[in-house]
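Working notes, beginning with the structure itself.
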Amino acid sequence: MLRVLQELEVATERRTQAVDITDQVRDSLEDADGASAAVVFVPHTTAGIIVQEHADPAVARDFERALERIVGEEWGWEHIEAGEENAPAHIRAALTATSVVIPLRDGDLALGTWQGIFLCEFDGPRQR
Numbered sequence: 017m018l019r020v021l022q023e024l025e026v027a028t029e030r031r032t033q034a035v036d037i038t039d040q041v042r043d044s045l046e047d048a049d050g051a052s053a054a055v056v057f058v059p060h061t062t063a064g065i066i067v068q069e070h071a072d073p074a075v076a077r078d079f080e081r082a083l084e085r086i087v088g089e090e091w092g093w094e095h096i097e098a099g100e101e102n103a104p105a106h107i108r109a110a111l112t113a114t115s116v117v118i119p120l121r122d123g124d125l126a127l128g129t130w131q132g133i134f135l136c137e138f139d140g141p142r143q144r
């Protein structure tokens, strides 16, 4: 079984932000000859990974706003009262995924026409 570990770095700019990392993931496949799938994993509890439309940037902004409304900042979070102030980020991350598996076809991501891979930042800005 072929295993290749590539670490990607993403600098986020806002507290909540969906960053299209499709091209970075695609570029990391150069050393993965013979692989049948790519696993994209985020090792953080305040960030997530999703596959979503990437042709229209408005979709990512809508996603960001929706999660901000679903999990409000001012809900009397206990984790905030403990001084961390990022309880909403943990909850939002739990609503996304920590990893996605994408099949490879001829060495490339077998994504749909409109699909892209996004790092979802919920406690930014940060270097991920």
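Each residue of the sequence shown is one higher than the one before, counting from 17 in the numbering used here.
Even glycine gets a Cβ: it sits at the ideal position worked out from N, Cα and C.
Cβ shell of residue i (< 6 Å), same chain only, five flanking positions each side left out
{"i": "A31", "result": "Note that residue 31 is Arg in the sequence shown, not Ala. Around R31: G140."}
{"i": "F79", "result": "A34"}
Straight-line Cα distance separating residue j from residue i
{"i": "I86", "j": "R144", "result": "24 Å"}
{"i": "D196", "j": "R142", "result": "Because the chain spans 17 through 144 in this model, residue 196 falls outside it and cannot be assessed."}
{"i": "F138", "j": "L111", "result": "11 Å"}
{"i": "A51", "j": "G132", "result": "20 Å"}
{"i": "I96", "j": "D49", "result": "46 Å"}
{"i": "E69", "j": "P104", "result": "24 Å"}
{"i": "V26", "j": "P119", "result": "23 Å"}
{"i": "A76", "j": "Q22", "result": "25 Å"}
{"i": "R81", "j": "T38", "result": "21 Å"}
{"i": "D106", "j": "H60", "result": "Just to set this straight, residue 106 is His in the shown sequence, not Asp. When rounded, the distance between both Cα atoms is 9 Å."}
{"i": "L24", "j": "V67", "result": "17 Å"}
{"i": "A53", "j": "L45", "result": "10 Å"}
Burial state of residue i (16 or more Cβ within 10 Å)
{"i": "L83", "result": "buried"}
{"i": "G88", "result": "exposed"}
{"i": "R108", "result": "buried"}
{"i": "A74", "result": "exposed"}
{"i": "T129", "result": "exposed"}
{"i": "A71", "result": "exposed"}
{"i": "E101", "result": "exposed"}
{"i": "V117", "result": "exposed"}
{"i": "V55", "result": "exposed"}
Same chain, Cβ closer than 8 Å to residue i, five either side skipped, listed in chain order
{"i": "F42", "result": "The amino acid at residue 42 is misidentified as Phe; the sequence shows Arg. Correct list, in chain order: D124 and L125."}
Close Cβ partners of residue i (< 7 Å) along its chain, the five nearest in sequence each way excluded
{"i": "G99", "result": "none"}
{"i": "T28", "result": "V35, E137, G140, P141, R142 and R144"}
{"i": "G64", "result": "V58, A109, T112, A113, T114 and C136"}
{"i": "T62", "result": "N102, A105, H106, A109, F138 and D139"}
Report the start-end ranges of each alpha helix (DSSP H) in the stretch 35-115 that is 4 residues or longer and not cut off at the edges. 38-43, 73-86, 94-97 and 103-110
Closer than 8 Å is the cut-off here; do at least three beta carbon pairs connect the stretch 91-98 with the stretch 124-137? no
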